[in-house]
Amino acid sequence: MLSDDTRQHTDFLIKSQLLSVVIQMVSRKNEDEANHYATETIDDSISLVDALKKLSASNFSNLTPHPCYVFLNYSPPPLLQRVDALQQY
Numbered sequence: 481m482l483s484d485d486t487r488q489h490t491d492f493l494i495k496s497q498l499l500s501v502v503i504q505m506v507s508r509k510n511e512d513e514a515n516h517y518a519t520e521t522i523d524d525s526i527s528l529v530d531a532l533k534k535l536s537a538s539n540f541s542n543l544t545p546h547p548c549y550v551f552l553n554y555s556p557p558p559l560l561q562r563v564d565a566l567q568q569y
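Right, here's the structure in full:
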């Protein structure tokens with residue numbers, strides 16, 4: 481049988497991970513809206529794509545992370561997803 485401390489710790493970890501996923505989903509939605517607004521405002525998605533590529537290269541970003549890892553851990557979407565979305569605007 482688990483001790484009360486262990487059970488509380490486990491409950492906290494589960495709730496924390498679930499909350500983190502929800503917050504990251506909202507953050508990704510906000511990031512997409514911000515990218516859409518930026519491309520509409522400057523009417524030039526190419527400049528934004530170039531800037532994102534430079535940031536990604538300087539930060540050694542993973543261009544093809546596993547979708548499950550993205551869902552659980554990424555706040556903004558990976559670069560390739562952002563570029564695809566920007567090119568659709």
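Our numbering puts the first residue of the sequence shown at 481, with every later residue one more than the last.
For every residue, glycine included, the Cβ atom is placed at its ideal position computed from N, Cα and C.
Predicted, not measured: the structure shown is a model, and the values here were computed from it.
Leu543 carries a coil assignment under DSSP once its states are collapsed to helix, strand and coil. In the structure shown, the three-state DSSP call for Tyr517 is helix. Short of 7 Å from the beta carbon of Ala565, and not among the five residues preceding or following it, lie these beta carbons of its own chain, in chain order: Asp512, Asn515. The beta-carbon distance between Leu543 and Pro558, rounded to whole angstroms, is 7 Å. This is short enough to meet the 8 Å contact definition.
With distances taken between CA atoms, Ser527 lies nearest to Gln567 out of Gln497, Asn553, Gln567, Asp485.
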